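Peer 1: Protein chains in written order, with the numbering used here: chain S, 78 to 305; chain D, 78 to 305; chain P, 78 to 305; chain B, 78 to 305; chain V, 78 to 305; chain L, 78 to 305.
Protein chains: 6
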Amino acid sequence: MRYEELNWTDIETYLQSDDRLMLVIGATEQHGHLSLLTDIKIPLALADAASRQSGVLVAPPLNFGASPYFLSYPGTISFRLSTLMDAVEDIIRSVYRQGFRRILVVNGHGGNAGVRTRLDELSNELPDLQLNWYAWWQSHGVEAIALEHNLKPAHANWLEAFAFTQVSELPSEPKAPPYVPRAVLSAAETRQIYGDGSFGGAYQVDAKIMDDIFNVALRDMLEILKFA
Amino acid sequence: MRYEELNWTDIETYLQSDDRLMLVIGATEQHGHLSLLTDIKIPLALADAASRQSGVLVAPPLNFGASPYFLSYPGTISFRLSTLMDAVEDIIRSVYRQGFRRILVVNGHGGNAGVRTRLDELSNELPDLQLNWYAWWQSHGVEAIALEHNLKPAHANWLEAFAFTQVSELPSEPKAPPYVPRAVLSAAETRQIYGDGSFGGAYQVDAKIMDDIFNVALRDMLEILKFA
Amino acid sequence: MRYEELNWTDIETYLQSDDRLMLVIGATEQHGHLSLLTDIKIPLALADAASRQSGVLVAPPLNFGASPYFLSYPGTISFRLSTLMDAVEDIIRSVYRQGFRRILVVNGHGGNAGVRTRLDELSNELPDLQLNWYAWWQSHGVEAIALEHNLKPAHANWLEAFAFTQVSELPSEPKAPPYVPRAVLSAAETRQIYGDGSFGGAYQVDAKIMDDIFNVALRDMLEILKFA
Amino acid sequence: MRYEELNWTDIETYLQSDDRLMLVIGATEQHGHLSLLTDIKIPLALADAASRQSGVLVAPPLNFGASPYFLSYPGTISFRLSTLMDAVEDIIRSVYRQGFRRILVVNGHGGNAGVRTRLDELSNELPDLQLNWYAWWQSHGVEAIALEHNLKPAHANWLEAFAFTQVSELPSEPKAPPYVPRAVLSAAETRQIYGDGSFGGAYQVDAKIMDDIFNVALRDMLEILKFA
Amino acid sequence: MRYEELNWTDIETYLQSDDRLMLVIGATEQHGHLSLLTDIKIPLALADAASRQSGVLVAPPLNFGASPYFLSYPGTISFRLSTLMDAVEDIIRSVYRQGFRRILVVNGHGGNAGVRTRLDELSNELPDLQLNWYAWWQSHGVEAIALEHNLKPAHANWLEAFAFTQVSELPSEPKAPPYVPRAVLSAAETRQIYGDGSFGGAYQVDAKIMDDIFNVALRDMLEILKFA
Amino acid sequence: MRYEELNWTDIETYLQSDDRLMLVIGATEQHGHLSLLTDIKIPLALADAASRQSGVLVAPPLNFGASPYFLSYPGTISFRLSTLMDAVEDIIRSVYRQGFRRILVVNGHGGNAGVRTRLDELSNELPDLQLNWYAWWQSHGVEAIALEHNLKPAHANWLEAFAFTQVSELPSEPKAPPYVPRAVLSAAETRQIYGDGSFGGAYQVDAKIMDDIFNVALRDMLEILKFA
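1) Check whether the region 189-197 of chain L and the region 137-148 of chain B touch, using three or more Cβ-Cβ pairs below 8 Å as the test.
2) Quick one: which chain V residues come within Cβ less than 9 Å of residue 163 of chain L?
3) Between the region 267-292 of chain D and chain S, which residues of the former have CB atoms less than 9 Å from a CB of the latter, in chain order?
4) In terms of alpha-carbon separation, which member of S:237, S:203 and S:275 lies closest to residue 265 of chain V?
5) Starting from residue 180 of chain L, follow the alpha helix (DSSP H) in both directions and report where the run begins and ends.
6) Using CA atoms only, rank isn't needed, just tell me which of L:100, L:193 and L:105 is closest to residue 150 of chain L.
7) When Cβ atoms are compared, which residues of the region 113-144 of chain P fall closer than 8 Å to chain B?
8) Closer than 8 Å is the cut-off here; do at least three beta carbon pairs connect the region 241-260 of chain B with the region 82-93 of chain V?
9) Can a CB atom of chain P be found closer than 8 Å to the CB of residue 197 of chain D?
10) With distance defined between alpha-carbon atoms, name the residue in B:116, B:267 and B:286 nearest to residue 224 of chain B.
11) Rounded to the nearest angstrom, what separates residue 177 of chain B and residue 207 of chain B at their Cα positions?
12) Please work out which residues of its chain come closer than 6 Å, Cβ to Cβ, to residue 138 of chain V, disregarding the five sequence neighbours upstream and downstream, and give them in chain order.
13) Note down, in chain order, every chain A residue with its Cβ under 7 Å from the Cβ of residue 194 of chain D.
14) I'd like to know whether the C-beta atoms of residue 131 of chain B and residue 148 of chain P end up nearer to each other than 8 Å.
15) Quick check: residue 335 of chain B and residue 260 of chain L, are their CB atoms within less than 8 Å of each other?
16) How is the alpha helix (DSSP H) around residue 78 of chain S delimited, first residue to last?
17) Note down, in chain order, each residue of its chain lying with its Cβ closer than 6 Å to the Cβ of residue 135 of chain P, except the 5 sequence neighbours on either side.
18) State the beta-bridge partners of residue 105 of chain L as determined by DSSP.
19) Taking CB distances under 8 Å as the criterion, tell me whether residue 20 of chain S reaches chain V.
20) Just mark residue 252 of chain D as buried or exposed, buried being the case when its beta carbon has 16 or more other beta carbons within 10 Å.
21) In the structure shown, what three-state DSSP assignment does residue 293 of chain L receive?
22) From which residue to which residue does the alpha helix (DSSP H) around residue 271 of chain V run?
23) Using a cut-off of 8 Å between C-beta atoms, extract the partners of residue 172 of chain P located in chain B.
24) Is it buried or exposed for residue 183 of chain L, if we count other Cβ within 10 angstroms and need 16 for buried?
25) Do you know how far the Cα of residue 159 of chain P is from the Cα of residue 86 of chain B?
26) Can a CB atom of chain P be found closer than 8 Å to the CB of residue 235 of chain B?
27) Is residue 238 of chain D closer than 8 Å to residue 211 of chain D when the C-beta atoms are compared?
28) If you run the structure through DSSP and keep just helix, strand and coil, what is residue 135 of chain L?
29) Under 7 Å Cβ to Cβ from residue 255 of chain S, same chain only, skipping five residues before and after it: list those, please.
30) Under a CB-based cut-off of 8 Å, is residue 264 of chain S close to chain V?
31) Starting from residue 201 of chain P, follow the alpha helix (DSSP H) in both directions and report where the run begins and ends.
32) Evaluate residue 234 of chain P with the Cβ neighbour count: other Cβ atoms within 10 Å of its Cβ, from every protein chain shown; 16 or more gives buried, anything less gives exposed.
33) Tell me the rounded alpha-carbon separation between residue 300 of chain V and residue 258 of chain S.
34) Suppose the cutoff is 6 Å on Cβ atoms and the five residues either side in sequence are ignored; what does the same chain contact list for residue 108 of chain L look like?
35) Shortest alpha-carbon distance to residue 274 of chain V belongs to which of V:153, V:226, V:213 and V:81?
36) Specify, as a first and last residue, the run of the alpha helix (DSSP H) that residue 85 of chain P falls within.
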């Protein structure tokens with residue numbers, strides 16, 4: 078159940094019996110051969126699925142994240158972290174004002190981690206607000222599946238190659254992970270190092286594995302949405 | 078052609094022959110009986126249609142605008158104008174860096190008008206950037222159609238009641254426009270004055286009129302996209 | 078009655094019987110052949126006149142507005158919109174703290190419109206604050222006078238050529254409005270297009286028309302100052 | 078020669094033979110029995126006088142300064158220092174862009190001193206910009222006159238009681254300077270301590286002394302305007 | 078070699094043969110029984126040791142980090158992340174201007190991770206700047222030592238209990254890690270959950286282990302300082 | 078008694094009987110032949126001494142101040158004033174939240190004066206907060222000692238040449254104060270004018286004088302710390 082299918086009285090009715098909300102954040106950035114919106118599509122698909130099972134509302138996704146290091150790849154659109162934190166703060170304050178109290182931020186992009194600090198700051202200020210944060214690729218369940226199949230999760234490799242994030246043919250041969258000289262790189266260096274944009278490893282795996290990953294993340298989210 | 082269907086190499090290829098882009102901005106806010114995303118759905122539908130005919134790319138929509146006056150209606154999510162300007166600036170700078178030079182901001186929400194000042198500021202700073210702005214409801218063609226049918230355009234009345242923005246039954250009887258005591262109102266006053274959220278007039282009109290409105294706005298956009 | 082003629086005990090006395098205030102904002106920017114302070118002089122003259130008849134106080138004018146598009150004309154001094162919003166906010170908060178509750182922002186410059194969003198935001202935060210906004214050239218009465226005389230109002234044409242804004246001879250022949258290719262222009266493009274700075278039409282009209290315009294705007298303001 | 082008496086072509090002409098400008102900043106704040114605009118009126122009178130003798134242009138005054146400590150006195154309107162610095166920066170950047178290179182900031186208010194740091198920052202960024210700062214009451218000449226007459230200069234005492242800043246009768250007896258417990262006070266404490274707002278000493282002195290003070294400050298400014 | 082032992086000509090001399098710098102950031106925050114400055118003391122000790130062996134300069138430490146979640150523990154002093162990013166940016170820009178090009182940020186506090194995004198942004202803007210980031214507790218070598226001794230690293234447990242961070246007796250019995258209900262907690266919840274501030278496990282271990290940990294981190298840093 | 082020697086329970090205990098705190102701010106900037114940290118070392122030495130006699134806690138020093146004019150001297154690290162004000166605000170808010178109410182900011186650097194305005198703003202907002210500010214070199218006692226010995230205090234001359242700020246030999250002959258053309262200088266001009274960085278006069282004086290200066294400043298601080 079997304080905002081776009083509802084009008085304001087629907088939200089008012091919802092708030093009479095529930096105060097939970099899912100907010101999807103992610104990125105518009107290079108994902109190698111995959112969709113530029115991969116980091117939105119995955120958490121949004123998870124949120125939609127979790128919404129169907131739990132009835133928890135899904136706010137419109139914030140389509141842009143912090144991706145300064147990928148700006149030399151055309152198609153990457155990056156917010157400064159300061160902008161991103163202000164944007165998330167404004168969303169949280171808007172819905173808090175209307176009665177939402179338990180909010181799960183469903184994050185699809187590693188570069189957005191700094192936003193958590195703003196969430197901490199807001200938690201100190203807004204009484205009774207319960208915020209949570211879920212990054213599906215950091216799930217223990219996801220890690221276990223990768224380990225079981227001897228697969229290494231990385232940006233824009235098999236890990237993110239769901240049917241719904243593919244927009245072109247994927248290479249059949251795996252990519253050797255490049256050497257990374259420093260922990261902080263300019264966008265120009267990043268492109269030089271990563272070439273096609275994948276961080277290396279297999280580009281795709283069996284659909285069954287992808288289903289398992291999706292389902293384990295979905296189970297995580299349903300558990301988290303209990304706010305127990 | 079939206080970013081979500083493409084990967085970064087598609088954008089790189091596109092930029093070899095074109096430097097135009099459409100950026101959809103709007104709002105998540107009360108629209109009376111219509112979808113909370115009405116101000117995104119309309120400009121996005123127009124941008125998609127214009128893209129099909131012109132081949133110009135459509136960036137992911139920025140789903141949130143400046144709607145402080147509607148915050149007492151549940152479902153309204155408002156950015157501070159400062160946040161909104163920063164967000165649009167970051168988007169423009171990202172795509173400018175990659176070679177886009179002619180950018181049409183397709184705006185769906187009247188409250189976003191202040192963003193134009195930031196666009197002016199950016200135009201002074203970024204060489205060869207050509208920005209344009211289109212607000213479909215201010216089109217002379219749209220006004221002419223309204224006049225022809227003796228209809229008054231207003232927020233959340235027939236003007237925005239396209240098939241794709243309707244999420245519930247619409248009242249069959251028109252609403253008397255309320256008395257508005259001042260030009261600046263708090264969110265609480267706004268809700269008290271506007272009740273169901275529509276600014277008054279007919280809630281719906283014949284589908285043929287809506288088609289005419291859509292088409293005249295689409296023609297505007299195709300003309301504007303020539304950047305002549 | 079302006080702040081400059083008063084000391085703080087005068088304001089304290091005033092606040093015992095009234096809580097209204099006029100705040101003049103405008104611009105220092107090119108106005109063709111007219112004074113660079115045209116957008117301050119007009120609203121300030123109106124505020125002074127309204128003050129004489131209503132007794133409502135006039136705060137010192139904020140002499141600078143948002144005029145990025147005119148920066149290639151020497152003499153234009155422009156605030157970023159973010160600065161302008163902060164400035165107006167600080168003024169409102171200062172006077173609110175001391176007891177003013179009904180504040181009319183008398184705006185002389187179209188480029189300042191984004192400030193209204195900050196006023197909306199403040200209205201949500203400060204209890205019992207009643208803000209209003211008046212832009213004289215958008216008055217229905219002013220439009221009616223222009224229509225009656227078959228005159229088109231525009232920046233730096235006859236509309237703003239009051240006796241007190243003239244600082245040099247005005248051309249006797251009207252100017253053909255130039256072709257404007259886009260809605261967002263850099264300052265350099267703006268100067269190239271507009272040449273002497275007027276947006277076209279007659280440079281001056283009969284003093285009687287100007288008096289009528291001033292008086293109709295003044296009547297608007299006196300009505301608005303009732304805060305009814 | 079003030080901006081308000083000129084149009085943009087006058088400024089363009091001026092810039093062909095000179096690149097100097099005076100910018101008046103000050104405050105709208107309690108000045109005891111004197112005008113709320115005392116800190117604008119004095120530097121503006123000095124700038125006007127200096128302009129008459131030197132031909133150097135005077136920009137419109139920025140009517141608001143940083144006066145947080147006086148906010149409990151009605152009539153005080155204070156900018157946050159961050160707003161004030163942004164405002165002055167925007168003014169400097171605007172005029173720099175148009176060719177001004179030697180700019181004297183004529184400051185009328187002690188609380189604005191932090192602005193100098195922003196001026197330092199701008200000096201590091203804008204090539205060939207020469208900024209200067211003049212605070213008349215810190216002039217050695219002014220101090221000498223005070224010493225000669227055994228008078229102690231202080232906020233809102235005789236020092237600022239020029240004919241043109243007086244808006245009411247002034248007490249004939251001097252005020253004993255109050256005890257000030259700390260260097261940082263809230264606005265409420267400040268009002269409690271300072272009562273009528275003067276910092277103590279004589280409220281007025283012979284007009285001849287005031288003339289001498291004005292003239293010695295004027296001589297300072299004429300010397301500074303040589304930018305030698 | 079720290080800045081405090083040097084004057085500016087020493088830095089100028091240094092820059093003639095080297096352009097490397099270490100910048101220590103961390104936190105002033107509760108560390109259970111350990112010093113409030115633990116997150117500064119550890120990276121500073123490492124930087125000093127690395128400086129002795131490599132000759133690379135050490136800038137003064139920034140003593141405050143982002144610790145909003147610990148604010149209910151007296152002694153925690155937290156910067157907003159926006160402040161922290163601005164502070165680090167100002168430091169980087171200052172030293173870049175003077176010729177430093179290879180800068181290692183030695184971070185002592187997990188909550189500072191968002192700063193990396195600002196470093197990415199700066200890397201895109203400042204040519205030839207090479208930034209790196211080291212967080213000693215995330216070192217593979219440190220993890221290996223912990224694993225070898227079957228110890229779990231956590232905030233304010235044995236991991237940070239070096240001789241030089243101890244300011245009081247440490248409990249001899251380990252602490253059971255508490256249950257943490259959500260990923261985002263207010264400061265009040267955090268204190269309720271964590272009690273004495275340690276995240277659980279042993280409070281102290283054999284000094285030999287601590288030496289090994291220090292030395293493995295030092296070796297990391299010496300390797301990183303080669304900027305190879 | 079500094080934070081670094083304490084853990085959070087020590088602060089909690091302290092707050093049960095006292096609510097005073099000293100916060101040291103200063104600069105990392107060129108000081109001629111003296112240490113780059115001179116403006117931290119002096120106020121910190123004074124704070125430590127005052128702490129020993131009064132028992133008042135000393136927060137960790139903020140090692141960076143506003144020194145834009147010295148940025149052409151290697152070793153100077155400058156915060157924008159906006160950053161510095163935010164940093165000091167965050168520190169004050171953190172400790173206020175935990176119960177500190179009487180806070181003495183011990184400032185070692187003239188360029189930080191703008192921070193006082195932010196302190197004023199905070200005083201208006203935080204109930205019962207008593208802030209004070211001490212700049213040792215502006216002490217009447219210090220001035221009296223200088224006068225007594227016919228010495229002129231200035232940046233990086235004898236005035237700051239304590240034993241603990243010296244890091245190299247000091248010239249034996251005094252320096253002639255250079256001619257300073259304007260009150261606002263770029264960093265490049267500043268270096269050109271001041272050469273070795275001292276503002277002129279004797280580089281060193283008898284240790285007895287320095288002891289007297291230290292002691293008179295210490296007495297000031299002990300008096301101020303009574304917050305009487």
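Every residue, glycine too, gets a C-beta built ideally from N, C-alpha and C. In this text, all values refer to a predicted model and were calculated from it rather than measured experimentally.
Peer 2: The answer reads as follows:
1) yes
2) 156, 157, 159, 160, 163 and 164
3) 273 and 274
4) S:203
5) Premise fails: residue 180 of chain L lies in the beta strand (DSSP E), 179-184, not in any alpha helix (DSSP H).
6) L:105
7) 113, 114, 117, 118, 136, 137, 138, 139, 140 and 141
8) no
9) yes
10) B:286
11) 9 Å
12) 101, 117 and 121
13) Note that chain A does not occur in the displayed structure, where the protein chains are S, D, P, B, V and L.
14) no
15) Examination of residue 335 of chain B is not possible in this model, given that chain B is present from 78 through 305 alone.
16) Per DSSP, residue 78 of chain S belongs to no alpha helix (DSSP H) and is neither H nor E.
17) 79, 99, 124 and 128
18) L:154
19) Chain S is shown only over 78 to 305; residue 20 of chain S falls outside these bounds and no answer can be derived.
20) buried
21) helix
22) 264-271
23) 154
24) buried
25) 29 Å
26) no
27) no
28) strand
29) 270, 271 and 277
30) yes
31) 192-202
32) buried
33) 11 Å
34) 115 and 233
35) V:153
36) 85-92
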